[in-house]
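Undergrad:
2 protein chains.
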Amino acid sequence: MALRFALMIDPLAADQTAPDLATTFTAVDPAAPALTVGELSTQRGDGIFESIGVVGGHPQEVEAHLERLVHSARLCDLPEPNVAQWRAAVAIAASECGEGEGVVKLILSRGVEHGPTPTAWATAATAADFSLARTEGIRVVTLDRGYAIDAPARAPWLLLGAKTLSYAVNMAALREAHRRDADDAVFLSSDGFVLEAPTASLILQRGDTFITPAPNGAILHGTTQLSLFEHLAARGFETAYETIPVDELRRADAAWLVSSVRLAAPIRQLDGADLTVDAEFTASLNDYLLSPRD
Amino acid sequence: MALRFALMIDPLAADQTAPDLATTFTAVDPAAPALTVGELSTQRGDGIFESIGVVGGHPQEVEAHLERLVHSARLCDLPEPNVAQWRAAVAIAASECGEGEGVVKLILSRGVEHGPTPTAWATAATAADFSLARTEGIRVVTLDRGYAIDAPARAPWLLLGAKTLSYAVNMAALREAHRRDADDAVFLSSDGFVLEAPTASLILQRGDTFITPAPNGAILHGTTQLSLFEHLAARGFETAYETIPVDELRRADAAWLVSSVRLAAPIRQLDGADLTVDAEFTASLNDYLLSPRD
Numbered sequence: 139m140a141l142r143f144a145l146m147i148d149p150l151a152a153d154q155t156a157p158d159l160a161t162t163f164t165a166v167d168p169a170a171p172a173l174t175v176g177e178l179s180t181q182r183g184d185g186i187f188e189s190i191g192v193v194g195g196h197p198q199e200v201e202a203h204l205e206r207l208v209h210s211a212r213l214c215d216l217p218e219p220n221v222a223q224w225r226a227a228v229a230i231a232a233s234e235c236g237e238g239e240g241v242v243k244l245i246l247s248r249g250v251e252h253g254p255t256p257t258a259w260a261t262a263a264t265a266a267d268f269s270l271a272r273t274e275g276i277r278v279v280t281l282d283r284g285y286a287i288d289a290p291a292r293a294p295w296l297l298l299g300a301k302t303l304s305y306a307v308n309m310a311a312l313r314e315a316h317r318r319d320a321d322d323a324v325f326l327s328s329d330g331f332v333l334e335a336p337t338a339s340l341i342l343q344r345g346d347t348f349i350t351p352a353p354n355g356a357i358l359h360g361t362t363q364l365s366l367f368e369h370l371a372a373r374g375f376e377t378a379y380e381t382i383p384v385d386e387l388r389r390a391d392a393a394w395l396v397s398s399v400r401l402a403a404p405i406r407q408l409d410g411a412d413l414t415v416d417a418e419f420t421a422s423l424n425d426y427l428l429s430p431r432d
Numbered sequence: 139m140a141l142r143f144a145l146m147i148d149p150l151a152a153d154q155t156a157p158d159l160a161t162t163f164t165a166v167d168p169a170a171p172a173l174t175v176g177e178l179s180t181q182r183g184d185g186i187f188e189s190i191g192v193v194g195g196h197p198q199e200v201e202a203h204l205e206r207l208v209h210s211a212r213l214c215d216l217p218e219p220n221v222a223q224w225r226a227a228v229a230i231a232a233s234e235c236g237e238g239e240g241v242v243k244l245i246l247s248r249g250v251e252h253g254p255t256p257t258a259w260a261t262a263a264t265a266a267d268f269s270l271a272r273t274e275g276i277r278v279v280t281l282d283r284g285y286a287i288d289a290p291a292r293a294p295w296l297l298l299g300a301k302t303l304s305y306a307v308n309m310a311a312l313r314e315a316h317r318r319d320a321d322d323a324v325f326l327s328s329d330g331f332v333l334e335a336p337t338a339s340l341i342l343q344r345g346d347t348f349i350t351p352a353p354n355g356a357i358l359h360g361t362t363q364l365s366l367f368e369h370l371a372a373r374g375f376e377t378a379y380e381t382i383p384v385d386e387l388r389r390a391d392a393a394w395l396v397s398s399v400r401l402a403a404p405i406r407q408l409d410g411a412d413l414t415v416d417a418e419f420t421a422s423l424n425d426y427l428l429s430p431r432d
């Protein structure tokens, strides 16, 4: 996922009614220095982000991503994002992703300590090739996230529902999964309920019903999961949000990790036990996810 | 704490035996762009740091900080820091802190995605004026950290003993404290034990004994706490590491938050209840902390 393009965004110059938001953007070389060492994103992981899938130049589910950016900003006491400005930035960045699949990343940082605040930018990159994960499936291990399922209700300062830049634990969980000869992880609450993956949502299948962990603040609202649930409902399947004990995941007829760029990756092994992968059905999900979606 | 100076460090060029480590440093303008948008420190809070107090040009407790940097790197699967190189960087940065009190910050980032890795830099800044916090004391609220006291033993991927750049929760806890009309917070485990403050360690006093939470992996090893314990022992006091239920903190004869730059800040109010501040004794602690320490 080498960066092809970067756009610095001036959030202070933005005005919801400005006729030409493009004047608040500055294209920069993604390989050249663009941020100062005083950036709080870099010093404190203090900011929020979104990763938007792009297919053939079309950014997917932009409004859902922008809504989540606004939600994250609110949870983190960051200035309210100017949605019209971010939408314009996504359009420009998406056009720089090239052919095939790409990813546009939006970052809103708390800014520079004692400096202008916030800082914001968008990047465009070619996506990695995830075709193997989509067709062959992935091996997943469950890892304790340390929090009880009711922690977020008690302690909003844990920012569990915000997509912050503080992803060191998510990255460490992926390294732990690799150490265990797996491709990815599923976080469990300390009391044994299924949460989410470090960079994806979980959907499991029980008969003709598709189930995802209830968003109670402990997990991110998954934009790809939301989109897939609409699609599955339109195909006549039941969809449900539930509090899912890990044993229920182990007994599922099938399960997927779904995210904006890798899309639907069927879980073929969970903690060493095989899970059934329905290749044809999974392909139909990814066909949908690769079609232009707004 | 405006930055006065920044030094980019080339960790790949470093060699423990290099005769001139200074050739691996490049001074940069701290107000000018120095980092690319692809930096994983900024995208993922994926890296580690240290903040070293500087008094009259002398960096305090450098070896303890470098040891913790190495410890954090190990927990985060980062390349082993070249301690000789970091020590040389600290000396240069400390000399740029000016008169009075300053702070040298060391950052080791996982680097640029698909680029050179890791990246590293040091900054020098004048410290904020903390004399009021040191003399008048601070109001503190307790906040749930969400984890049980035994979480780190079960789940090392939570990185609880590492000083990572993923500090969004620490910053959110400080904002929550301010919302509650307090100056700072003390984190509690979900099962009610005292951990640490978002950017400081806790020491409490019971008679002639000074107690700090036992380092079981759930908290950082506090360099200032370690130094103060040595000092207190030399003065004939008892020191102890204990698992501290929050009620014990409430019953303490006195308590302090201690850290590298603010130094010893006596807690004058805990969750709205007054605590005794011994101004003279606290001044003696800060006199010690302001003296040159190695």
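Residue numbers (the numbering used here), protein chains in the order written: chain A, 139 to 432; chain B, 139 to 432.
Don't be surprised by glycine CBs; every beta carbon is placed ideally from N, CA and C.
Please read these numbers as outputs of a predicted model, since none were measured by experiment.
(1) In angstroms, rounded to a whole number, what distance separates the CA positions of Ser327/A and Ser397/A?
(2) So, is Asp416/A buried or exposed, given that buried needs 16 or more other C-beta atoms within 10 angstroms?
(3) Nearest to Val208/A by alpha carbon, out of Asp346/A, Leu312/A, Thr302/A and Glu376/A?
(4) List, from N- to C-terminal side, the alpha helix (DSSP H) runs of 4 residues or more that fit wholly inside the stretch 158-210 of chain A.
(5) Within 8 Å of any Cβ in chain B, is that where the Cβ of Asp215/A sits?
(6) Mark Pro254/B as exposed unless 16 or more other C-beta atoms lie within 10 angstroms of its C-beta, in which case mark it buried.
(7) If you measure from the beta carbon of Pro383/A to each beta carbon in chain B, is any gap under 8 Å?
(8) With a threshold of 8 Å between beta-carbons, can Ser429/A be considered close to chain B, or not?
(9) Go through its chain and collect everything with a Cβ distance to Asp134/B's Cβ below 7 Å, but skip five positions before and after it.
(10) Would you verify that the beta carbon of Ala228/B is, or is not, closer than 8 Å to some beta carbon of chain A?
(11) I need the DSSP call for Ser339/A, collapsed to helix, strand or coil.
(12) Sort His369/A, Asp215/A and Glu234/A by Cα distance to Arg431/A and report the nearest one.
(13) Keeping to the same chain, check which residues put their C-beta closer than 6 Å to that of Pro404/A; ignore five residues upstream and five downstream.
(14) Whose C-alpha, out of Thr381/B, Pro290/B, Ala356/B and Gly284/B, is nearest the C-alpha of Ala311/B?
(15) If Leu178/A sits next to Glu251/A, beta carbons under 8 Å apart, how far is it from one beta carbon to the other, in whole angstroms?
(16) Please classify Thr361/B: is it buried, with 16 or more other beta-carbons within 10 angstroms of its beta-carbon, or exposed?
(17) Need the endpoints of the alpha helix (DSSP H) that Tyr426/B sits in, please.
(18) Do Val175/A and Ala229/B have their C-beta atoms closer together than 8 Å?
(19) Can Pro171/B and Leu141/A be called in contact, C-beta distance under 8 Å?
(20) Tell me the DSSP secondary structure of Glu376/B in three-state form.
(21) For the beta strand (DSSP E) containing Trp224/B, list its first residue and its last residue.
(22) Ala258/B by DSSP, collapsed to three states: which one?
(23) Could you tell me which chain B residues have their CB closer than 7 Å to the CB of Ala165/A, listed as they occur along the chain?
(24) State yes or no: is the C-beta of Ile357/B within less than 8 Å of the C-beta of Glu334/B?
(25) Note down the Cα distance separating Arg99/A from Met309/B, rounded to an integer number of angstroms.
(26) Using the Cα positions of Phe367/B and Tyr426/B, report the straight-line distance between them to the nearest angstrom.
(27) Going by beta carbon distance, what residues of the same chain come within less than 8 Å of Glu314/A, once the five residues before and after it are set aside?
(28) Consider the Cβ of His252/A: report whether some Cβ of chain B lies at a distance smaller than 8 Å.
(29) Here's a check: name, in chain order, each residue in its chain whose Cβ is nearer than 6 Å to the Cβ of Ser210/A, leaving out the five neighbours to either side.
(30) Mind listing which residues of the stretch 180-198 of chain B have their C-beta closer than 9 Å to chain A's C-betas, in chain order?
(31) According to the Cβ coordinates, are Leu246/A and Leu216/A closer than 8 Å?
(32) Going along chain A, which residues have a C-beta under 8 Å from Trp295/B?
(33) Between Ala263/B and Gly238/B, how many whole angstroms is the CB-CB distance? I'm expecting something under 8 Å.
(34) Is Thr174/B close to chain E? Criterion is C-beta to C-beta, closer than 8 Å.
(35) Could you tell me which chain B residues have their CB closer than 7 Å to the CB of Ala140/A, listed as they occur along the chain?
(36) Which residues in the same chain as Ser189/B place their Cβ atom closer than 7 Å to its Cβ, once the five residues preceding and following it in sequence are excluded?
TA: In brief:
(1) 20 Å
(2) exposed
(3) Thr302/A
(4) DSSP runs (the alpha helix (DSSP H)) wholly in the stretch 158-210 of chain A: 178-182.
(5) yes
(6) Exposed.
(7) no
(8) no
(9) Within the shown structure, residues of chain B are numbered from 139 to 432, placing residue 134/B beyond reach of any answer.
(10) Checking the sequence, you will find Val at residue 228/B rather than Ala. Cβ-Cβ to chain A under 8 Å: no for Val228/B.
(11) strand
(12) His369/A
(13) Gly275, Trp394, Val415 and Thr420
(14) Here the closest residue by C-alpha is Gly284/B.
(15) 6 Å
(16) Per the 10 Å Cβ criterion, buried.
(17) Ala417 to Leu428
(18) no
(19) no
(20) Strand.
(21) Annotation: Trp224/B is outside any beta strand (DSSP E); the continuous alpha helix (DSSP H) that includes it extends over Val221 to Ala232.
(22) strand
(23) Scanning chain B for C-beta atoms nearer than 7 Å to the C-beta of Ala165/A yields nothing, as the closest lies near 12 Å away.
(24) Going by C-beta atoms, Ile357/B is nearer than 8 Å to Glu334/B.
(25) Shown here, chain A extends from 139 to 432; a query on residue 99/A therefore has no answer.
(26) 11 Å
(27) Val279, Leu281 and Ala323
(28) yes
(29) Ile186, Ala300 and Lys301
(30) Result list: Thr180, Gln181, Arg182, Gly183, Asp184, Gly185, Ile186 and Phe187.
(31) yes
(32) Correct list: Leu281, Val307, Ala310, Ala311, Arg313 and Glu314.
(33) Not a contact, Cβ separation roughly 12 Å.
(34) Absent here is chain E; the protein component of the structure consists of chains A and B.
(35) Residues of chain B passing the Cβ test: His252.
(36) Val241, Lys243, Ser398 and Val399
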